[in-house]
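Residue numbers (the working numbering): 508 to 577.
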């Protein structure tokens, strides 16, 4: 089940997976609804605080020793 919260009246409810996103709050009818904070998983991706590739022991960044002296 997915949990949603209405930001207008603070009502929280659940809908089954595969039923689509609700269009409005079943209590007050507002369209200002979002997934509940406890229903969200950990952040992922580049903006989500995941571990990047970063520098390694073999040179600068990703991909070996780099271009060498110029």
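Backbone N, C-alpha and C define an ideal beta-carbon position, used for all residues, glycine too.
How is residue 530 classed by DSSP in three states: helix, strand or coil?
-> Position 23 of the chain shown holds residue 530. Look at residue 530 here: in three-state DSSP terms it is coil, with no helix or strand label.
Just how far apart, CA to CA, sit residue 528 and residue 522?
-> Indexing the chain shown from 1 puts residue 528 at position 21. Indexing the chain shown from 1 puts residue 522 at position 15. Their Cα atoms are separated by approximately 8 Å.
Alpha carbon to alpha carbon, how far is residue 543 from residue 515? Give it in angstroms, no decimals.
-> As a working mapping, residue 515 is identified with position 8 in the chain shown. As a working mapping, residue 543 is identified with position 36 in the chain shown. Whole-angstrom Cα-Cα distance: 13 Å.
With respect to the beta strand (DSSP E) encompassing residue 543, which residues constitute its N-terminal and C-terminal limits?
-> Taking the first residue of the chain shown as 1, we reach residue 543 at position 36. In this chain, residue 543 is not harboured by any beta strand (DSSP E), its DSSP state being neither H nor E.
By how many angstroms is the C-alpha of residue 540 removed from the C-alpha of residue 530?
-> Taking the chain shown and counting its residues from 1, one reaches residue 530 at position 23. Taking the chain shown and counting its residues from 1, one reaches residue 540 at position 33. Distance between the alpha carbons of residue 530 and residue 540 is about 8 Å.
Leaving aside the five residues before and after residue 509 along the sequence, list all residues of the same chain whose C-beta is less than 8 Å from its C-beta, in chain order.
-> Residue mapping note: residue 509 aligns to position 2 of the chain shown, counting from 1. The answer, listed in chain order, is 521, 522, 523, 524, 542 and 546.
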